[in-house]
Amino acid sequence: MDIEEKAGREGYGPLIPCNFVSSTREQKELCVNFYRTKEGILKRGQLIDSGPCSAHFEVYYPNDNATNTWIVMICHNPHLHSDPQATQTPKPIKDIFMTLLDTLEWRLADTAPRKIILDSAFMIGLRKALNWNGLQDPSLSDLHPSLGNVDHVACLINKLRLDRFPNGTGFEGILAMVEENSLLPPGQVYAMSELFLRTTQPSIDTSSKRIHRWQEFEIEAWFPEYSRSVVIARAFTTSQSAKAHKFLFQQIFAIVEADTGQQVQFRHIHGTGWDTIIADEHRGQALDWLKDKRSAENSILAAIYRPLSKLPVEVWKASPNTTNGNEQSH
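Written out as structure tokens, the structure is:
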């Protein structure tokens, strides 16, 4: 309570009188702010109808719109309330906002109202549009009060997203993108096959977050020359069985060979190629891994204990021990 009382003396916090005003168009029932009741309970206030306003408007239209494009609006009597927050975005402001969203390019596919303010390119554009020189970044409501409504911003984002991605951003959209990619000349096709062959310590993970009822199979690797991890293969599947994984690897390896003319190789077989493989497994896969290791004497120790693994020290130390790169790429 001491903190709330200090805040109240500064003019903010749950102890000050409520001055929130909302238009009937918003259909709100509760105040957006929390206040302390007489019983000491912290809760949002119940909005009440302010009653009819004494102000009324008279609008005069010209008889000939061709020669006179102006109208006259006269307001009689003062308003009995403060101005409610704007709920509609004027077209010039909306055009500016849509132009800023266009700077996201491919990132528009999965952006959201709270994510765009974290995008550096978007915020640079917003600063320029507002001539903002402040140390702290501006918010969307600084462009227009209506953009403080997250649902309203989401509608504008979805409208532009549908225009830029008419096939959607789900599985149908991916199929359309693959179709478009297949029509390009070989020199313009986006392929990660060359990076796939260069990696020596890939990590593998499967996620269910991107597309409903589909799992995203992903192979990622760290490249020191770029100082970053790169996704070198991504596929979508509805099964995590051994048969499904075998099919995935066969198809991915076949694509790499078709693109580069070289086969994927493994150090313990070919003396070059993949040194180690790290995979994030679910419970069933982990149990199968344990069962396989127990089938051979001391094999499980060889998988987790370097002296029994027969792996060179430099290979063992260079291998990642987590799949954090995959988690960040999903």
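Going by our numbering, the first residue of the sequence shown is number -11, and it counts up by one from there.
For glycine and all other residues, C-beta sits at the position ideal for the given N, C-alpha and C.
Keep in mind that this is a model prediction, so the values were computed, not measured.
1) Spatial neighbours of A223 within its chain, please: CB distance less than 6 angstroms, with the 5 preceding and 5 following residues excluded, ordered by chain position.
2) Cutting at 8 angstroms between CB atoms, please list the residues of its own chain near I220, excluding the five before and the five after it.
3) Taking 9 angstroms as the cut-off, decide whether the C-beta atoms of T77 and L150 are in contact.
4) Our contact map puts P173 next to V138 with C-beta atoms below 8 angstroms; I'd like the distance itself, whole angstroms only.
5) What is the DSSP secondary structure of H256, reduced to helix, strand or coil?
6) Where P126 and D90 are concerned, what is the direct C-alpha to C-alpha distance, given to the nearest angstrom?
7) List the residues that DSSP assigns as beta-bridge partners of S217.
8) For I81, collect the residues of the same chain with a Cβ closer than 6 angstroms to its Cβ; drop the 5 residues on either side in sequence, then sort them by chain order.
9) Rounded to the nearest angstrom, how far is the Cβ of I145 from that of A267, given a contact under 8 angstroms?
10) Judging by CA-CA distance, which residue of N121, P295, K279 and A306 is the nearest neighbour of P212?
11) How long is the line joining the alpha carbons of N155 and T194, rounded to whole angstroms?
12) From Y214 to L92, what distance separates their C-alpha atoms?
13) Going by the CB atoms, is the gap between D247 and R255 shorter than 9 angstroms?
14) Measuring straight from C-alpha to C-alpha, what distance separates L148 and T99?
15) Can you look up F241 in the DSSP assignment and give me helix, strand or coil?
16) By how many angstroms is the C-alpha of Y23 removed from the C-alpha of K324?
Let me spell this out:
1) Take A223, set aside five residues on each side of it, and the residues of its chain with a beta-carbon closer than 6 angstroms to its own are F205 and L236, in chain order.
2) Answer for I220: M180, L183, F184, T187, P190, I207, E208 and A209, listed in chain order.
3) Between T77 and L150, the CB-CB gap reaches or exceeds 9 angstroms.
4) Beta-carbon to beta-carbon, P173 and V138 are separated by about 43 angstroms, too far to satisfy the 8 angstroms threshold.
5) When DSSP states are grouped into helix, strand and coil, H256 belongs to the helix group.
6) The alpha-carbon atoms of P126 and D90 are separated by roughly 19 angstroms.
7) In the DSSP output, where bridge partners are listed per residue, S217 has W210.
8) These residues qualify, in order along the chain: H132.
9) Contact between I145 and A267 is ruled out by a C-beta separation of about 36 angstroms, above the 8 angstroms threshold.
10) Looking at the Cα atoms, A306 is the closest of the given residues.
11) One alpha carbon belongs to N155, the other to T194, and they sit about 25 angstroms apart.
12) Rounded to whole angstroms, Y214 to L92 spans 23 angstroms at the Cα level.
13) Not a contact, by the Cβ cut-off of 9 angstroms.
14) Spanning the two alpha carbons is a distance of roughly 11 angstroms.
15) F241 falls in the helix class under three-state DSSP.
16) Lying outside -11 to 318, the shown extent of the chain, residue 324 is not represented and no answer is given.
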